[in-house]
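Chemist: The sequence shown begins at 1 in UniProt numbering and counts up by one.
From the three backbone atoms N, C-alpha and C, an ideal C-beta is built for every residue, glycine too.
Note that this is a predicted model, so its numbers are computed, not measured.
This is the structure, below, for whatever I ask next.
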Amino acid sequence: MNDFHDLSPLDFEELVRDLLQAYWSRRLESFGPGRDQGVDVRYMSGPQQIVVQAKHYARSGPAALVRAMRLECPKAIALAPSRYLLATSVSMTQALKAKIVAAMPEVPLAEADILGREDLNNLLRLHPEVEKRHFKLWMASSAVLERIIHSGVYNRTAAELEIIRGMIPRFVQNQSVADAETLLADTGALIIAGAPGVGKTTLAQILLWRHAEQGWRIFVVDDVEEAMAAASEGERRLIFFDDFLGQVGLSADHVRGLDARLPPLLSRVAAQKDLRFILTTRDYVLAQAKMLSARLGAARGVRSYILNVGAYTREAKARILYNHIHFSGLTEIQKDAILKGGFYLAMIDHKNFNPRLIEMLTRSEYLAFDERPTRELIQHVLDNPHELWDRPYRQHMSDDARTVLLAMVINGAFVGITLLKDSFVRVAMAFGNTLRPSEIEARFRAAYQEIEGSALSLLNNLVHFTNPGLRDYLRDVIRVDRLMPLIVPCIETASELGECFAIFRARRGDWKGSTPVWTAALDRVRDGGRAPRFAYLELALDLCDEFRDQGLIDRMLAALIGIEQEGVDEEEVREICSLLERSAMTLLPTAVEARVRSVATEAAATMLEKRAMCLPLEDIESMDEALFTHGNDQERAATAVQSAMWTFTRSVDSDLETITTLDEFERSLLALMEKRGFSSDTVKRDIRWRREALEEHEPRDDPEEGYRGGGVTSHRNMSDAEIRSMFGGLKG
Numbered sequence: 001m002n003d004f005h006d007l008s009p010l011d012f013e014e015l016v017r018d019l020l021q022a023y024w025s026r027r028l029e030s031f032g033p034g035r036d037q038g039v040d041v042r043y044m045s046g047p048q049q050i051v052v053q054a055k056h057y058a059r060s061g062p063a064a065l066v067r068a069m070r071l072e073c074p075k076a077i078a079l080a081p082s083r084y085l086l087a088t089s090v091s092m093t094q095a096l097k098a099k100i101v102a103a104m105p106e107v108p109l110a111e112a113d114i115l116g117r118e119d120l121n122n123l124l125r126l127h128p129e130v131e132k133r134h135f136k137l138w139m140a141s142s143a144v145l146e147r148i149i150h151s152g153v154y155n156r157t158a159a160e161l162e163i164i165r166g167m168i169p170r171f172v173q174n175q176s177v178a179d180a181e182t183l184l185a186d187t188g189a190l191i192i193a194g195a196p197g198v199g200k201t202t203l204a205q206i207l208l209w210r211h212a213e214q215g216w217r218i219f220v221v222d223d224v225e226e227a228m229a230a231a232s233e234g235e236r237r238l239i240f241f242d243d244f245l246g247q248v249g250l251s252a253d254h255v256r257g258l259d260a261r262l263p264p265l266l267s268r269v270a271a272q273k274d275l276r277f278i279l280t281t282r283d284y285v286l287a288q289a290k291m292l293s294a295r296l297g298a299a300r301g302v303r304s305y306i307l308n309v310g311a312y313t314r315e316a317k318a319r320i321l322y323n324h325i326h327f328s329g330l331t332e333i334q335k336d337a338i339l340k341g342g343f344y345l346a347m348i349d350h351k352n353f354n355p356r357l358i359e360m361l362t363r364s365e366y367l368a369f370d371e372r373p374t375r376e377l378i379q380h381v382l383d384n385p386h387e388l389w390d391r392p393y394r395q396h397m398s399d400d401a402r403t404v405l406l407a408m409v410i411n412g413a414f415v416g417i418t419l420l421k422d423s424f425v426r427v428a429m430a431f432g433n434t435l436r437p438s439e440i441e442a443r444f445r446a447a448y449q450e451i452e453g454s455a456l457s458l459l460n461n462l463v464h465f466t467n468p469g470l471r472d473y474l475r476d477v478i479r480v481d482r483l484m485p486l487i488v489p490c491i492e493t494a495s496e497l498g499e500c501f502a503i504f505r506a507r508r509g510d511w512k513g514s515t516p517v518w519t520a521a522l523d524r525v526r527d528g529g530r531a532p533r534f535a536y537l538e539l540a541l542d543l544c545d546e547f548r549d550q551g552l553i554d555r556m557l558a559a560l561i562g563i564e565q566e567g568v569d570e571e572e573v574r575e576i577c578s579l580l581e582r583s584a585m586t587l588l589p590t591a592v593e594a595r596v597r598s599v600a601t602e603a604a605a606t607m608l609e610k611r612a613m614c615l616p617l618e619d620i621e622s623m624d625e626a627l628f629t630h631g632n633d634q635e636r637a638a639t640a641v642q643s644a645m646w647t648f649t650r651s652v653d654s655d656l657e658t659i660t661t662l663d664e665f666e667r668s669l670l671a672l673m674e675k676r677g678f679s680s681d682t683v684k685r686d687i688r689w690r691r692e693a694l695e696e697h698e699p700r701d702d703p704e705e706g707y708r709g710g711g712v713t714s715h716r717n718m719s720d721a722e723i724r725s726m727f728g729g730l731k732g
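Shown next, in the form of structure tokens:
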């Protein structure tokens with residue numbers, strides 16, 4: 001049952017209107033909150049006038065509802081309706097209905113015309129098409145949450161979905177959702193591009209949630225290799241890669257890597273109807289990437305959907321601000337500063353309006369960081385959006401809070417609370433701050449609590465930034481304040497080294513003569529056992545490419561010997577494919593490059609020969625692609641793939657339990673065998689036998705095409721009077 005808590009009063013009134021329209025099969029007039037004179041919805045036909053009052057009092061409770069209706073009574077009498085209805089999100093009892101009727105004497109209100117929470121849910125069951133149009137209802141429903149909880153997502157994805165759940169009430173449906181859905185359904189892959197803060201990630205997150213509600217398996221990834229590993233068949237999968245071109249700057253190395261790896265992935269997506277891929281990037285970074293790579297610019301199967309803040313109409317911007325204020329934790333003083341005198345109109349019409357700024361400027365914790373009056377602070381940030389974080393960071397946060405933020409930014413988008421505390425201690429000591437063991441816990445907890453809600457949040461034991469813009473700002477702080485020479489000597493983990501090196505590489509001229517410091521950091525990562533062997537090898541390769549230092553090359557080759565001697569297992573398919581691709585793009589000396597490619601080729605080929613029965617077909621496809629595209633021994637690749645295929649096709653997998661999965665398996669398997677010139681007669685026979693066995697027990701059941709789309713509110717350029725009427729509902 002819906003409790004309607006995620007609806008704003010405006011959302012609730014529109015829901016009531018649509019439900020009654022569907023129930024009565026009549027078009028009803030609706031009026032914005034605020035100056036409604038007691039009318040939210042009205043039906044008039046000759047002398048008949050039905051007035052509907054919507055009271056979204058789910059959080060206020062029954063007593064507040066009775067008081068409110070007593071105040072409504074004089075207005076209702078003045079309207080002289082022939083029939084009066086009350087629709088409310090409060091749960092009803094017979095006694096409560098009697099109290100409401102008694103509070104409105106001389107008003108034609110019958111107990112049967114008081115529609116409480118239960119009545120509205122009953123109407124939703126009778127008219128499910130209304131719920132489809134009001135996407136917040138089903139997006140926040142317990143059924144959706146239950147499906148997602150039991151979908152087996154890993155921790156990173158679970159944290160992302162929890163973030164989405166929290167932002168649903170503030171989201172405003174607009175045309176970009178319908179447009180993005182259409183493009184994604186047409187192509188299977190979608191790049192959402194736009195300036196920072198306009199809502200790229202939010203749009204992608206809404207698409208994720210809508211797919212999750214339809215039973216798609218969601219994967220949130222941080223690189224193309226993870227995406228390739230997730231892009232398997234057998235179930236509907238949606239992969240999300242946020243800021244796939246990076247945030248700190250676009251390097252030729254990065255583009256070269258994507259140029260080789262992304263198009264094959266997109267081709268796979270285009271060929272599989274049960275696979276979808278969403279990527280986001282900044283518009284200027286995408287333009288730069290296309291200039292650097294013609295192959296990326298013409299990538300098959302992808303349309304670039306440019307989300308621009310100009311696409312927000314005045315009504316859409318008004319609704320965004322309205323929702324953020326309604327669902328905020330703003331104090332009455334802070335809220336009054338925005339509402340008094342129509343200051344919200346200036347916010348809506350400001351040239352720098354974007355959802356990210358509005359999200360931060362309606363956070364009570366953020367506004368509390370600055371001693372300036374709320375309205376003055378909001379106006380200043382809107383006029384100077386680049387200063388959103390500079391004053392709070394430099395003037396209002398404690399030293400320990402700033403240290404926590406710097407420790408966070410060198411750990412990536414998500415980090416466990418214990419790892420963050422460990423980084424905090426090391427960064428603090430690197431800055432010359434003494435921390436006695438007995439005070440570490442208390443100081444870290446106090447610093448974290450100081451910025452919790454405004455800068456950082458904790459979900460599923462993972463800390464993340466509340467606002468992506470803060471992450472960008474802190475990267476600039478490290479560069480502008482020349483903190484890298486202090487931070488790198490305290491690095492101990494692979495994630496810290498990777499993040500710091502990405503920031504450094506984006507601004508190569510900021511720090512000269514740093515090779516020994518980076519080498520020492522790599523050694524600490526190795527000696528501390530804080531990196532899986534392939535992660536360490538990738539880091540070593542990155543440093544070798546950058547500095548061309550013999551000591552780094554020796555370390556990388558030593559790590560390579562471990563791969564050569566120990567081999568790889570079926571859990572490392574993604575890693576060995578990535579190493580093959582990386583080895584083909586390195587800028588190392590020719591002999592060193594050949595050595596890396598040779599070891600990677602042999603390790604991959606040996607695994608195919610020995611572990612094929614433990615691998616799903618999609619992993620064999622990935623290994624085949626990597627060996628033939630990036631390996632340096634085509635004959636060895638052919639022998640290994642042929643051996644794997646012979647092992648794999650001796651019997652058709654009994655796990656293929658439906659006609660649909662068998663069809664998909666057959667298409668992929670035969671395509672691979674044909675590509676490599678392997679005989680497929682035996683496997684065709686086995687598949688035919690398997691199909692006959694399935695047909696005896698199960699009718700063919702085609703999966704549902706696509707998924708349910710939601711309705712889009714038609715947004716227009718509202719007048720000042722209409723917006724004032726809307727925001728009048730927020731006062732008091």
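Assuming His464 and Ala413 are in contact, meaning their beta carbons sit under 8 Å apart, how far apart are those beta carbons, in whole angstroms?
Modeler: That belief holds up - the Cβ atoms of His464 and Ala413 are roughly 6 Å apart, short of 8 Å.
Chemist: I'd like to know whether the C-beta atoms of Asn21 and Leu28 end up nearer to each other than 9 Å.
Modeler: It should be pointed out that residue 21 corresponds to Gln in this sequence rather than to Asn. The answer is yes: Cβ separation under 9 Å.
Chemist: For Pro589, tell me which candidate among Leu123, Ile561, Arg391 and Leu552 has the shortest Cα-Cα distance.
Modeler: Measuring from the Cα of Pro589, the nearest candidate turns out to be Leu552.
Chemist: Can you give me the C-alpha to C-alpha distance between Ser714 and Lys340, rounded to a whole angstrom?
Modeler: Because Ser714 sits at a pLDDT of 48, beneath the cut-off of 50, its placement in the model cannot be relied upon, and the following sentence gives the value as read from the coordinates. Those two C-alpha atoms are separated by around 28 Å.
Chemist: I'd like the span of the alpha helix (DSSP H) that includes Arg595, first residue to last.
Modeler: Looking at the DSSP string, the run of the alpha helix (DSSP H) that includes Arg595 is Thr590 to Arg611.
Chemist: By DSSP, does Leu452 sit in helix, in strand, or in coil?
Modeler: It is worth fixing the name first, because residue 452 is Glu in this sequence and not Leu. Three-state result, Glu452: strand.
Chemist: Can you check which of these residues, Leu19, Glu13 and Pro81, is closest to Glu46 by C-alpha distance?
Modeler: Residue 46 is actually Gly in this sequence, not Glu. Looking at the Cα atoms, Pro81 is the closest of the given residues.
Chemist: Compare the C-alpha of Asp223 against each of Phe240, Ala506, Asp390 and Asp523 and name the closest.
Modeler: When only C-alpha atoms are compared, the closest one is Phe240.
Chemist: Could you please give the first and the last residue of the uninterrupted beta strand (DSSP E) stretch that includes Ile239?
Modeler: Unbroken beta strand (DSSP E) run through Ile239: Arg237 to Phe241.
Chemist: Looking only at its own chain, which residues have a Cβ that is under 6 Å from the Cβ of residue 811, when we skip the five neighbours before and after it?
Modeler: Because the chain here runs from 1 to 732, residue 811 falls outside it and cannot be looked at.
Chemist: Can you give me the start and stop residues for the beta strand (DSSP E) that Thr281 sits inside?
Modeler: Leu275 to Arg282 is the span of the beta strand (DSSP E), which, as asked, contains Thr281.
Chemist: Using a Cβ-Cβ cutoff of less than 7 Å, which residues in the same chain neighbour Ile417 once the five nearest sequence positions on both sides are dropped?
Modeler: So the list reads Leu458, Asn461 and Val463, once near-sequence residues are dropped.
Chemist: Am I right that Ile320 and Ile358 are in contact with their C-beta atoms under 8 Å? What's the rounded C-beta distance?
Modeler: Correct: roughly 6 Å between the Cβ atoms.
Chemist: Determine the direct distance from the alpha carbon of Ser25 to that of Gln49, and round the result to whole angstroms.
Modeler: Between Gln49 and Ser25, the C-alpha separation is close to 16 Å.
Chemist: Let me know the secondary structure DSSP gives Gln49 once reduced to three states.
Modeler: Gln49: strand per DSSP, three-state reduction.
Chemist: Give the single residue among Asp18, Val415, Arg595 and Arg582 whose Cα lies nearest to the Cα of Glu499.
Modeler: That would be Val415, whose Cα lies nearest to the Cα of Glu499.
Chemist: Taking the DSSP output, what are the residues bridged to Glu29?
Modeler: According to DSSP, which records beta bridges pairwise, Glu29 is partnered with Arg42.
Chemist: Could you check whether the Cβ of Lys132 sits closer than 9 Å to any Cβ belonging to chain C?
Modeler: In the structure shown, chain C does not exist; there is a single protein chain.
Chemist: What separation, rounded to the nearest whole angstrom, lies between the Cα atoms of Leu330 and Ser267?
Modeler: Those two C-alpha atoms are separated by around 48 Å.
Chemist: DSSP puts Arg218 in a beta bridge; with which residues?
Modeler: Checking the sequence, you will find Ile at residue 218 rather than Arg. DSSP, once it has assigned bridges, lists Leu238 as partnering Ile218.
Chemist: Locate the beta strand (DSSP E) running through Arg83, then write down its first and last residues.
Modeler: Unbroken beta strand (DSSP E) run through Arg83: Arg83 to Thr88.
Chemist: Just how far apart, CA to CA, sit Glu14 and Ala401?
Modeler: One C-alpha to the other measures close to 43 Å.
Chemist: Taking the beta carbon of Lys675 as the centre, do at least 16 other beta carbons fall within 10 Å, making it buried, or is it exposed?
Modeler: Under this definition Lys675 is an exposed residue.
Chemist: Does the region 480-496 come close enough to the region 525-533 to have 3 or more Cβ pairs within less than 8 Å?
Modeler: The region 480-496, when compared against the region 525-533, does touch it at the 8 Å Cβ threshold.
Chemist: For His56, which of helix, strand or coil comes out of DSSP?
Modeler: Correct three-state label for His56: coil.
Chemist: Would DSSP call Glu13 helix, strand or coil?
Modeler: Helix.
Chemist: Using the C-alpha atoms, what's the distance from Leu190 back to Leu92?
Modeler: Just to set this straight, residue 92 is Met in the shown sequence, not Leu. So the two alpha carbons sit approximately 46 Å from each other.
Chemist: Provide the residue span of the alpha helix (DSSP H) that contains Gly562, from first to last.
Modeler: Counting along the chain, the alpha helix (DSSP H) containing Gly562 begins and ends at Gln550 to Glu566.
Chemist: How would you call Val583, buried or exposed, if buried means at least 16 neighbouring beta carbons within 10 angstroms?
Modeler: Correcting the residue type first, residue 583 is Ser in the shown sequence and not Val. Ser583 is buried by the Cβ-count criterion.
Chemist: Please name the residue in Asn323, Pro355, Glu315 and Leu361 whose C-alpha comes closest to that of Ala337.
Modeler: Residue Leu361 is the option with its Cα nearest to Ala337.
Chemist: Classify Arg193 as helix, strand or coil using the three-state DSSP reduction.
Modeler: The question names Arg, but residue 193 is Ala in the sequence shown. DSSP places Ala193 in strand when its eight states are reduced to three.
Chemist: Enumerated in chain order, which unbroken segments of the beta strand (DSSP E) with a length of 3 residues or greater are wholly contained in the region 416-487?
Modeler: The region 416-487 contains these whole beta strand (DSSP E) runs: 456-459 and 462-465.
Chemist: Taking contact to mean 3 or more Cβ pairs, one atom from each stretch, closer than 8 Å, check whether the region 341-351 and the region 425-442 are in contact.
Modeler: At 8 Å Cβ cutoff, the stretches do not touch.
Chemist: Answer yes if the region 172-186 comes into contact with the region 473-486, meaning at least three C-beta pairs across the two stretches below 8 Å, and no otherwise.
Modeler: Flag = no, the region 473-486 and the region 172-186 do not touch.
Chemist: Could you check if Gln94 is buried or exposed, using at least 16 other CB atoms within 10 Å of its CB as the buried criterion?
Modeler: Answer is exposed; the Cβ neighbour count stays below 16.
Chemist: Beta-carbon separation of Leu522 and Arg548 under 9 Å?
Modeler: In this structure, Arg548 does not lie closer than 9 Å to Leu522 by Cβ.
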